[in-house]
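Protein chains: 2
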Amino acid sequence: MSTIQTRKRRSDGERSRAAILEEAARLSTVEGLGGLSLARLADAVGMSKSGLFAHFGSKEDLQLATVESAAGIFEAHVVEPASRSPGGLPRLHAFVDLYLRYVERDVFPGGCFFAAALTEMNMQPGPVRDRLVAVFDSWLGTLAETVREGQANGELDPSEDPDQLAFELEAAFFLANNQFVVKHSSEPLERARRTIEQRLAAITLQP
Amino acid sequence: MSTIQTRKRRSDGERSRAAILEEAARLSTVEGLGGLSLARLADAVGMSKSGLFAHFGSKEDLQLATVESAAGIFEAHVVEPASRSPGGLPRLHAFVDLYLRYVERDVFPGGCFFAAALTEMNMQPGPVRDRLVAVFDSWLGTLAETVREGQANGELDPSEDPDQLAFELEAAFFLANNQFVVKHSSEPLERARRTIEQRLAAITLQP
Chain A
1 MSTIQTRKRR
11 SDGERSRAAI
21 LEEAARLSTV
31 EGLGGLSLAR
41 LADAVGMSKS
51 GLFAHFGSKE
61 DLQLATVESA
71 AGIFEAHVVE
81 PASRSPGGLP
91 RLHAFVDLYL
101 RYVERDVFPG
111 GCFFAAALTE
121 MNMQPGPVRD
131 RLVAVFDSWL
141 GTLAETVREG
151 QANGELDPSE
161 DPDQLAFELE
171 AAFFLANNQF
181 VVKHSSEPLE
191 RARRTIEQRL
201 AAITLQP
Chain B
208 MSTIQTRKRR
218 SDGERSRAAI
228 LEEAARLSTV
238 EGLGGLSLAR
248 LADAVGMSKS
258 GLFAHFGSKE
268 DLQLATVESA
278 AGIFEAHVVE
288 PASRSPGGLP
298 RLHAFVDLYL
308 RYVERDVFPG
318 GCFFAAALTE
328 MNMQPGPVRD
338 RLVAVFDSWL
348 GTLAETVREG
358 QANGELDPSE
368 DPDQLAFELE
378 AAFFLANNQF
388 VVKHSSEPLE
398 RARRTIEQRL
408 AAITLQP
C-alpha cells in the first residue's frame, strides 16, 4: 500500500514536471528563454516559486530542462513520425509535411522553439547555448543523413552534396517558421514546400 | 560666433545621438532589443541615465530609434551599394555579395540586426514589432522588385514568381546569418552563395 502510494506520488510528480516544462517551452517562444526565471514560470503555471524550486534548482537548470522538453516535443511531432517512412526520399517528403504542420499547428505559440531559442541565445556562451546548438546540428545531420540514404537507394542524384541540400531544406523551414509567426498565414509554409519539392524533383532519379 | 557655437553643439549632439544608437543596435544583437533599457545602454556607452533620457524619453522611443539606426546601417552596407549595379540580375548578384559580406564583417556582433530582432519581438505586439516587420517586408519587396526588373530586361525566366524567388533568396540569407553567428565560419555563407547562384543560373536566359 505504501509502495503503491509512493509510486503514485512519483508518477504525479513526473507528470507535473513534464507539464511544467511543456509550459516553460511554450512560454519561451513568446517571452524568450532568457526571460524564463523560476518566478516568471511560477506565475505562468500557478505554482509557488518554492514549489518550482523543488523541481529545478536554478534558472540554468530550468532552461536546460526546458530545452530537453522542447527537443522531445520536436522529436514527437517531426522526427519520430517521419521515421515510419522509409529512409531516403519518402522520409525527406515526410519531414517537409511534418515540419510545416508542426509550425502551422502552433505546437509552440511563437513558432519552432529551436529557431527562436537559438537566435536568442547564440551570443550568450554557456551550457544552454551549447545544448541548443547541439540539437540544431543534430537535426541538420538527420536531414543530411536522409539525403545520403536517398542517394544510396538510387533515388537521388549521387553528385549532390548532402550537407548542402540539408542547408537548403532547413533554410526554407527556418524562414517559413519566422514568417508564419509574423503573418500567421499559410503562404510562407506553401513557399517553403514549393522551394523544397521543386529542388527535390530536380534531383530525383527516374526509376 | 554664438551661431557657430550653437551649430557645433548641435552637430556634436547629432553625432553623439547617432553613435549612441549604433551602439544600441550592436548591443541589441547580443543581449536582445527587449533588454535594451536606458539604464543598460547608459552603462554600455558610459553616459548617465539622465543624459540618455535627454535623447530618448522612453524605452520604446529608444527601441524605435535603434530600429531606424539599424535600418540605416543595413541600407548603407547592402541596399545603397547594390543600387550602383543595374537593376535586375547584376543587382541580385550584388545583393548576394553585399549581404554575405555584411554578415561576415560583423557589422553587428550578433549577426543581422533584423533577423535577431524580428525573431525576438515577433510575439510582442506593438510599434517596435510593427516597424521591424515593415523593414523586413520592404527588404523582401526590394528583392522581388529586382527579380521583376531582371524579367523585364529579358535576363530571367519570366515564368518565375518573383515573390517565391525573393523568399528563396532570403531563406538562404536568413539561415546563413544564423549559422555564421553560431559557428563563426564562412561555411554557411558559402552554402548560401551556392544555393542562390545555382538557383539564379538555372533561370538566367542566354542572351
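These protein sequence lines map, in sequence, to chains A and B.
For reference, each letter of the first sequence is one residue, going 1 to 207 in my numbering.
For reference, each letter of the second sequence is one residue, going 208 to 414 in my numbering.
Cβ atoms here follow ideal geometry from the backbone N, Cα and C, with glycine treated the same way.
These numbers were taken from a predicted model, which means no experiment stands behind them.
Query: Close beta carbons around serine 2/A, own chain, < 7 Å, minus the five adjacent residues each side; Result: Note that serine 2/A scores a pLDDT of 43, beneath 50, so its modelled location is shaky; the value from the coordinates is reported in the next line. Correct list: empty, nothing qualifies.
Query: Cutoff 8 Å: leucine 228/B Cβ touching any chain A Cβ; Result: no
Query: Closer than 8 Å to chain B by CB, threonine 119/A; Result: yes
Query: Any chain A beta carbon closer than 8 Å to phenylalanine 302/B; Result: no
Query: Unbroken alpha helix (DSSP H) run spanning serine 279/B, endpoints; Result: Strictly speaking, residue 279/B in this sequence is glycine, with serine absent from that position. Where glycine 279/B is concerned, the enclosing alpha helix (DSSP H) stretches over 266-281.
Query: Cross-chain neighbours of threonine 411/B in chain A, by beta carbon under 7 Å; Result: Ordered by position in chain A, no residue passes the 7 Å Cβ test against threonine 411/B, which lies about 16 Å from the chain.
Query: Inter-residue spacing [alpha-carbon to alpha-carbon] between glutamate 68/A and arginine 336/B; Result: 29 Å
Query: Short-range partners of chain A found in the region 348-382 of chain B, where Cβ spacing is below 9 Å; Result: Asp368, Asp370, Gln371, Phe374, Glu375, Glu377, Ala378, Ala379, Phe380, Phe381, Leu382
Query: Where glutamine 413/B falls, given that 16 or more other Cβ within 10 Å makes a residue buried; Result: exposed
Query: Partners in chain A for threonine 273/B, counting only beta-carbon separations shorter than 9 Å; Result: By Cβ distance, chain A contributes nothing, its closest Cβ being about 16 Å from threonine 273/B, past 9 Å.
Query: Spatial neighbours of alanine 383/B in its chain, beta-carbon cut-off 6 Å, leaving aside the 5 residues before and after; Result: Pro395, Leu396, Ala399
Query: Outcome for glycine 110/A when other beta-carbon atoms lying within 10 angstroms are tallied against a minimum of 16; Result: buried
Query: Proline 90/A beta carbon near the ligand MG (any heavy atom closer than 7 Å); Result: In terms of ligand content, the structure shown is empty, and the ligand MG therefore cannot be addressed.
Query: Within-8 Å CB hit, arginine 247/B to chain A; Result: no
Query: The region 67-81 of chain A / the region 97-106 of chain A touching (three or more Cβ pairs under 8 Å); Result: yes
Query: Member of Ala351/B, Val340/B, Ala409/B whose CA lies at the smallest distance from the CA of lysine 183/A; Result: Val340/B
Query: Beta-ladder partner(s) of leucine 363/B, from DSSP; Result: Thr411/B
Query: Cutoff 8 Å; reference glutamate 120/A; Cβ partners in own chain excluding five residues on either side; Result: Gly32, Leu33, Gly34
Query: Where valine 133/A meets chain B, residues with beta-carbon distance less than 7 Å; Result: Val389
Query: Glycine 258/B: first and last residue of the uninterrupted alpha helix (DSSP H) it sits in; Result: 256-262
Query: Cα-Cα separation between glutamine 151/A and glycine 88/A, rounded to whole angstroms; Result: 7 Å
Query: Runs of alpha helix (DSSP H) lying entirely within the region 108-177 of chain A, each at least 4 residues, in chain order; Result: 113-121, 127-152
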